[in-house]
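Encoded as structure tokens, the structure appears first; notes follow it.
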Amino acid sequence: MEVQTSRFGTVEIAEDRVINFPKGLLGFQEQKRYCLLQPNDDACFFWLQSLENPDLAFVITDPNLFVAEYSVPIRNEQMEDLRLSKLEDAQVFVIVNKVGEKLTGNLQGPLVVNTLAKVGEQFVLAEKRWTTRHELMKLEAPARAASA
Amino acid sequence: MLVLSRQRDETIMIGDDIEITVVDIRGDKVRVGITAPSRIAVHRKEVYEAIRAENERAAVVGASEFDPGDAGPAKTGGATQGGALSPRLTPITGQKQNQRTTGQSRRRRA
Numbered sequence: 022m023e024v025q026t027s028r029f030g031t032v033e034i035a036e037d038r039v040i041n042f043p044k045g046l047l048g049f050q051e052q053k054r055y056c057l058l059q060p061n062d063d064a065c066f067f068w069l070q071s072l073e074n075p076d077l078a079f080v081i082t083d084p085n086l087f088v089a090e091y092s093v094p095i096r097n098e099q100m101e102d103l104r105l106s107k108l109e110d111a112q113v114f115v116i117v118n119k120v121g122e123k124l125t126g127n128l129q130g131p132l133v134v135n136t137l138a139k140v141g142e143q144f145v146l147a148e149k150r151w152t153t154r155h156e157l158m159k160l161e162a163p164a165r166a167a168s169a
Numbered sequence: 136m137l138v139l140s141r142q143r144d145e146t147i148m149i150g151d152d153i154e155i156t157v158v159d160i161r162g163d164k165v166r167v168g169i170t171a172p173s174r175i176a177v178h179r180k181e182v183y184e185a186i187r188a189e190n191e192r193a194a195v196v197g198a199s200e201f202d203p204g205d206a207g208p209a210k211t212g213g214a215t216q217g218g219a220l221s222p223r224l225t226p227i228t229g230q231k232q233n234q235r236t237t238g239q240s241r242r243r244r245a
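Pasting the structure below:
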């Protein structure tokens, strides 16, 4: 199927790449269908691109690449909602933001995706330990032109 | 909005299985006890608002200035096939019901 995106133009993706977020994301409850775009093979950042709004895309990443001890608590009912029969079928992502010269991850509102059923949900964590702006990395200053 | 007056230790029922009890009133703080089926998520509204605000900001930032790895014309990724990325979920067991107490501004109390 073809996906219209404002960043990459028209992108062709397989139907089974579509991820449904039945509840949408907080603040974007109307957009329920997304696909995952990968900038390059070894990328650790991905685009979560809305299929319904070409302008809507989020940069997301695997939080455990940056925060090894991060783990998302999940209840049985949430597993049922996601049609998860085992934890191994799930993938956790967090939405990435740029704050000043830092990249931050929303560790308080992680995205949990059933990678088999392609169903996702944004969780809300009660733990104060994780915030909406957890620092993932500092951006390097843009390279200056080498002096002659 | 429905507004009800309650005294300490009095309860409001929402549907058949959600109970909200005024546990304590002290100064301008009210402590509220909530009993609900575990399917019902109970959170302070500020947490929702913070996540929503961060989502909206991320959508804007993504649209303008943030270009991860010179994203270029995207390949459609294989990340959802698992493998390279690790799931990190911790099952919550035990407790059949949410039983939480949360501070709420008195002005907002029902």
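First to last, the protein sequences are chains A and B. The numbering of the first sequence is our numbering, which starts it at 22 and goes up by one. The numbering of the second sequence is our numbering, which starts it at 136 and goes up by one. Every residue, glycine too, gets a C-beta built ideally from N, C-alpha and C.
Quick check on DSSP: helix, strand or coil for A/Tyr91? Residue state, collapsed to three classes: coil.
Is there a C-beta anywhere in chain B that falls below 7 Å from the one on A/Lys107? Chain B, which has no Cβ nearer than 7 Å to the Cβ of A/Lys107, makes this no.
Okay, do the segment 137 to 146 of chain B and the segment 109 to 117 of chain A touch, 3+ Cβ pairs below 8 Å being the bar? no
Per DSSP, what kind of secondary structure is A/Glu142 in: helix, strand or coil? Strand at A/Glu142.
Under three-state DSSP, which class holds A/Ala35? coil
Taking only beta-carbon positions, decide if B/Ala209 is within less than 7 Å of chain A. Residue placement at B/Ala209 is poorly supported in this model, since its pLDDT is 40, which falls under 50; the coordinates still yield a value, given next. By this cut-off, B/Ala209 is an interface position.
Among B/Asp144, B/Ile175, B/Pro172, which has the Cα closest to the Cα of B/Arg166? B/Asp144
A/Gly130 beta carbon less than 7 Å from that of B/Ile186: yes
Spell out the partners DSSP gives A/Lys242 in its beta bridges. Outside the shown range of chain A, which is 22 to 169, sits residue 242 of chain A, and nothing can be said about it.
When you compare only the Cα positions, how much space is there between A/Ala147 and B/His178? Distance between the alpha carbons of A/Ala147 and B/His178: 7 Å.
Contact under 7 Å by Cβ, A/Ser27 with A/Pro60: No, these two residues do not count as a Cβ contact at 7 Å.
Option in A/Phe29, A/Val32, A/His155, A/Ala138 with minimal Cα separation from A/Ile40: A/Ala138
According to DSSP, is A/Leu86 part of a helix, a strand, or is it coil? helix
Min CB distance B/Ala206 to chain A below 7 Å: Confidence at B/Ala206 is low in this model, with a pLDDT of 40, below 50, so its placement is unreliable and the value that follows should be read with caution. With 7 Å as the cut-off, B/Ala206 counts as an interface residue toward chain A.
Against chain B, does A/Ser71 count as a neighbour if the rule is that its beta carbon must be under 7 Å from one of theirs? Chain B contact via Cβ: absent.
Compare the C-beta of B/Arg244 with all C-beta atoms of chain A and state if any pair is closer than 7 Å. Caution applies to B/Arg244, whose pLDDT of 41 falls short of 50 and renders its modelled position unreliable; the value that the coordinates give is listed next. No, its Cβ sits nowhere closer than 7 Å to a Cβ of chain A.
Secondary structure, beta strand (DSSP E): runs of 3+ residues fully inside the segment 50 to 78 of chain A: 54 to 59, 66 to 71
When you compare each of A/Leu86, A/Glu73, A/Phe42, A/Gly45 to A/Val24 by their alpha carbons, which one comes out closest? A/Glu73
Which bits of chain A does B/Thr170 rub up against, with CB to CB less than 7 Å? Neighbours of B/Thr170 on chain A: none; closest Cβ ~16 Å, over 7 Å.
In angstroms, rounded to a whole number, what distance separates the CA positions of A/Lys149 and B/Glu181? C-alpha separation (whole angstroms): 12 Å.
Quick check on the burial criterion: 16 or more other C-beta atoms within 10 angstroms. Buried or exposed for A/Met100? Under this definition A/Met100 is a buried residue.
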